[in-house]
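First comes the structure, then the notes that go with it.
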Amino acid sequence: MISSTNSGMLWGTVVGLPSFALMIAICALEILVAGIQAYVFALLTSLYLNDAENLH
Amino acid sequence: MAEQGKVDPMHQFMIEPLFGTDHWTIAGHNIAFTNSALWMLITFVVLFAFVAGGAKGQTVPGRWQVMVEGLVGFIDNLLAANVGPKGKKYVPYIFSLFSFILFSNVLGLLPLGLIKGVHPFTSTSHFTVTGVLAILSFSIVLIVGFARHGLHFFSLFVPHGTPAWLLWLIPVIELISFLVRPFSLALRLFFPAL
């Protein structure tokens with residue numbers, strides 16, 4: 000990313016900017032996954048507890 | 000720009016003992032304090048500080064109190080929707096579970112590696128940690144199930160409306176799907192190791 004910016008306006012725009020945008024997007028995705036993992040674990044545990052508490 | 004040095008993508012998952020390698024043993028097993036243990040401890044401290052900072056009980060809550068109350072309210076709603084009024088007593092457990100996993104994940108994502116000498120580590124990226132959490136949840140289900148319903152708990156394996164001629168098959172399938180739950184819980188958390 001830094002190399003492409005250093006090699007001029009053209010490569011900086013064509014290579015550097017998309018890579019930067021992609022990195023930001025992937026970081027956002029990772030944060031999303033972190034939240035979803037915790038949510039799914041809590042949700043499934045509560046579903047299993049429901050099975051144990053309310054038997055039919 | 001020259002070579003930036005080789006990046007080892009697996010290095011972030013390495014368990015490294017920090018101290019106690021030489022003489023901390025239980026029954027012949029070394030129990031050194033590892034980076035995983037350190038980050039679980041950090042997760043606990045950060046979580047404790049987060050909750051303590053918001054547990055002011057003010058009638059007009061500040062921003063911090065709203066954050067903590069929002070998180071607790073979210074778990075409370077989750078249990079109320081899925082278990083009903085009997086789910087109230089599980090709020091502390093599910094809250095601890097949810098926020099531990101969330102904080103551990105987020106702490107591992109922080110770009111702390113930029114500070115020299117700091118190696119961020121996600122403790123929930125290891126099967127041992129997620130496995131223990133899953134076994135804990137599974138044991139609670141078993142204990143609660145048998146304590147509340149006794150042997151009647153086994154009727155879980157015969158869903159309502161099972162035709163009599165399928166009674167030889169359905170309980171087997173239900174039993175397998177029940178026993179697979181802890182693995183399903185643990186693997187789901189560990190496998191997309193982020």
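From first to last, the protein sequence lines are chains B and D. Numbered by numbering that gives the first Met the number 0, the letters in the first sequence go through residues 0 to 55 in order. Numbered by numbering that gives the first Met the number 0, the letters in the second sequence go through residues 0 to 193 in order. No residue lacks a Cβ here, since even glycine has one placed at the ideal position from N, Cα and C.
{"Query": "Contact set for residue 66 (chain D): own chain, Cβ-Cβ below 7 Å, skip 5 residues either direction", "Result": "53"}
{"Query": "Runs of beta strand (DSSP E) wholly within the segment 62–118 of chain D (minimum 3 residues, chain order)", "Result": "none"}
{"Query": "Buried/exposed call for residue 23 (chain B), threshold 16 Cβ in 10 Å", "Result": "exposed"}
{"Query": "Environment of residue 26 (chain D) [buried if 16+ CB atoms lie within 10 Å]", "Result": "exposed"}
{"Query": "Coarse secondary structure for residue 151 (chain D), derived from DSSP in three states", "Result": "helix"}
{"Query": "Chain-ordered residues of the segment 81–109 of chain D with a beta carbon less than 9 Å from chain B", "Result": "81, 82, 83, 85, 86, 89, 92, 93, 94, 96, 97, 98, 99, 100, 101, 102, 103, 104, 105, 107 and 108"}
{"Query": "DSSP three-state assignment for residue 5 (chain B), whether helix, strand or coil", "Result": "helix"}
{"Query": "Top-ranked residue by Cα proximity to residue 98 (chain D), from D:80, D:123, D:151 and D:185", "Result": "D:123"}
{"Query": "Chain D residues whose Cβ lies nearer than 7 Å to that of residue 39 (chain B)", "Result": "187"}
{"Query": "Nearest residue (CA-CA) to residue 39 (chain B), options D:29, D:81, D:38 and D:17", "Result": "D:81"}
{"Query": "Proximity of residue 74 (chain D) and residue 94 (chain D) at Cβ, strictly below 8 Å", "Result": "yes"}
{"Query": "is_contact[residue 18 (chain B), chain D] using C-beta, thresh 8 Å", "Result": "no"}
{"Query": "Residues near residue 144 (chain D) in its chain [Cβ-Cβ closer than 8 Å; skip 5 each side]", "Result": "152 and 155"}
{"Query": "Sequence-distant residues of its chain with Cβ nearer than 7 Å to residue 14 (chain B) (five each side left out)", "Result": "3"}
{"Query": "Nearest candidate by alpha-carbon position, reference residue 45 (chain D), set D:85, D:178 and D:101", "Result": "D:101"}
{"Query": "Under 8 Å (Cβ pairs) to chain B, residues found in the segment 121–145 of chain D", "Result": "123, 132, 136, 137, 139, 140, 141, 143 and 144"}
{"Query": "Residue of D:149, D:112 and D:29 minimising C-alpha distance to residue 20 (chain D)", "Result": "D:29"}
{"Query": "Interface partners of residue 34 (chain B) on chain D, CB under 9 Å", "Result": "101, 104 and 105"}
{"Query": "Beta-carbon gap between residue 20 (chain B) and residue 140 (chain D) smaller than 8 Å", "Result": "no"}
{"Query": "Residue 178 (chain D) versus residue 138 (chain D): straight-line alpha-carbon distance, rounded", "Result": "11 Å"}
{"Query": "Buried/exposed call for residue 127 (chain D), threshold 16 Cβ in 10 Å", "Result": "exposed"}
{"Query": "is_contact[residue 180 (chain D), chain B] using C-beta, thresh 8 Å", "Result": "yes"}
{"Query": "Contact check, residue 133 (chain D) vs residue 79 (chain D), beta carbons under 8 Å", "Result": "no"}
{"Query": "From D:169, D:181, D:166 and D:170, residue whose alpha carbon lies closest to that of residue 130 (chain D)", "Result": "D:181"}
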